[in-house]
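Encoded as structure tokens, the structure appears first; notes follow it.
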Amino acid sequence: MNKDDLKNPVEIATGIFWVGFDDPGAGFRCNPYLLNDGDETVFFDPGSVPHFPIVLSKLLKVTAIERIKHVIVTHQDPDLCAAIPRFEELAEGLGGGFDICTHTRASVLISHYGTRSNFYRVDANDWRLTLKSGRALQFIFAPFLHFPGAFMTYDKKSKILFSGDIFGGLSFDWNLYANEFYEEAVKAFHENYMPSNKIMRHAMDKLDGLEIDMIAPQHGSIIRKKDVRRYIDLLKNLECGEDCF
Amino acid sequence: MATYKELIEVVIRREMGILGRERMAGILADLGMEVDAEGKLPPPGRSLADLDRLMQMLSEKYGVIAVMGCKIAVGRMAREHGLELPPILR
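Residue numbers (my numbering), protein chains in the order written: chain A, 1 to 245; chain B, 1 to 90.
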């Protein structure tokens, strides 16, 4: 994939799009994703205020603002959700609107960005969201990775795991799909931002029963099916956070 | 027993992932260091000063992320083998 291809949305699976951007000067960037299901769109980690224009321009190539019904936010960091109020303004102006799907622990902080949408608290809704078509999104609690209310989202239809910060990487040499060196970028990120191997293993064990065709993290590179098992095992065994003191 | 050569090789391998092979090759060329295809340095051995020069250049060219990305891995190895670290890695 050449860099020009990244100027447009990239369909990573049927009806699922990466709508992020390549920022060569940054070691850290956000990967917003869209999932189109009939006339509903689910928006994962919309991104930051400075990147709102580029994310919006890509979003509009594959959906309409009014079709966004759910914005899934794994935690409250500004790089992934500070732009929500801007999307809210547009949605309201066009007669649309969405709920913000997140953990209770994050909802109390996200509201400080000035959001107005209702919260769909994943921990209060049996850890699932069912779209109008019946398509099921399963939420997997991953506490303290790194936020206390962090979770991952598994789409049963596409078998894609939207993993939030988990499986993310620190990298200036960013590629949309993980290359041979991505493992080092993952280690660099998790050693610094995740609390301990024990807490990491607790979440990774939950993935053992899932059939995962792709891991789509909120930043870093997408992990393809052939590498999924290897990266889960990497994180199961990685010393991070307090293990490194 | 680990040596500064091995600490530097940990940095090189880690930064291949963070900066990419090309950028890292550029850093090494500027420092007069060459590695083989597996990222290993040839003899002779390396010193604390060599590690410090490498980290200073990474910091100057790529900032805190480049340093943060390898600090923990290098620090752990240094502690295990009783090797002194340059101030930038403490």
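Don't be surprised by glycine CBs; every beta carbon is placed ideally from N, CA and C.
All figures in this text were calculated on a predicted structure; none of them were measured in a lab.
Residue i - containing alpha helix (DSSP H), residue span
i                      : result
residue 182 of chain A : 182 to 193
residue 48 of chain A  : Segment: none, residue 48 of chain A is in no alpha helix (DSSP H) and carries neither H nor E.
residue 4 of chain B   : 4 to 18
residue 49 of chain B  : 48 to 80
residue 104 of chain A : 104 to 110
residue 201 of chain A : 197 to 206
residue 27 of chain B  : 21 to 31
Residues near residue i in its chain [Cβ-Cβ closer than 7 Å; skip 5 each side]
i                      : result
residue 54 of chain A  : 21
residue 95 of chain A  : 66
residue 39 of chain A  : 67
residue 24 of chain B  : 12, 15 and 16
residue 241 of chain A : 194, 195 and 196
residue 17 of chain A  : 9, 10, 11, 33, 34 and 62
residue 238 of chain A : 187, 190, 197 and 200
Residue i at chain A interface by Cβ criterion, 8 Å
i                     : result
residue 19 of chain B : yes
residue 55 of chain B : no
residue 69 of chain B : yes
residue 16 of chain B : yes
residue 72 of chain B : yes
residue 13 of chain B : yes
residue 65 of chain B : yes
residue 90 of chain B : no
Beta-carbon proximity of residue i to residue j, cut-off 8 Å
i                      : j                      : result
residue 34 of chain A  : residue 60 of chain A  : no
residue 11 of chain B  : residue 77 of chain B  : no
residue 219 of chain A : residue 31 of chain A  : yes
residue 270 of chain A : residue 178 of chain A : In the structure as shown, chain A starts at 1 and stops at 245, and residue 270 of chain A therefore has no counterpart that could be examined.
residue 71 of chain B  : residue 45 of chain B  : no
residue 75 of chain B  : residue 183 of chain A : no
residue 79 of chain A  : residue 48 of chain A  : yes
residue 58 of chain B  : residue 8 of chain B   : no
residue 13 of chain A  : residue 163 of chain A : no
residue 98 of chain A  : residue 122 of chain A : no
residue 70 of chain A  : residue 42 of chain A  : yes
residue 247 of chain A : residue 102 of chain A : A query on residue 247 of chain A cannot be resolved here, the shown segment of chain A reaching from 1 to 245 and no further.
residue 100 of chain A : residue 119 of chain A : yes
residue 118 of chain B : residue 48 of chain B  : Nothing in the structure corresponds to residue 118 of chain B, since chain B is present only between 1 and 90.
residue 91 of chain A  : residue 52 of chain A  : no
Neighbour flag for residue i against chain B, beta carbons, 8 Å
i                      : result
residue 27 of chain A  : yes
residue 187 of chain A : yes
residue 244 of chain A : yes
residue 191 of chain A : yes
residue 172 of chain A : yes
residue 33 of chain A  : no
Residues near residue i by beta carbon distance below 6 Å, same chain, minus five either side
i                      : result
residue 137 of chain A : 129, 153 and 155
residue 172 of chain A : 27
residue 56 of chain A  : none
residue 19 of chain A  : 9, 32, 34, 55, 58 and 59
Residue i, enclosing beta strand (DSSP E) - first and last residue
i                      : result
residue 14 of chain A  : That residue, residue 14 of chain A, is in no beta strand (DSSP E); it is neither H nor E in DSSP.
residue 214 of chain A : 214 to 217
residue 152 of chain A : 151 to 155
residue 33 of chain A  : 33 to 37
residue 69 of chain A  : 68 to 72
Per-residue contacts from residue i into chain E (C-beta, under 7 Å)
i                     : result
residue 37 of chain A : Although the question refers to chain E, the structure presented lacks it and instead comprises the protein chains A and B.
8 Å CB neighbourhood of residue i in its chain, flanking five on each side removed
i                      : result
residue 214 of chain A : 12, 13, 158, 159, 160, 161, 222, 223, 224, 225 and 228
residue 135 of chain A : 37, 155, 156 and 157
residue 30 of chain B  : 57
*Would you call the stretch 180 to 197 of chain A and the stretch 144 to 159 of chain A in contact, with 3 or more CB pairs under 8 Å?*
yes
*When the Cβ atoms of the stretch 36 to 47 of chain B are set against those of the stretch 202 to 219 of chain A, are three or more pairs found closer than 8 Å?*
no
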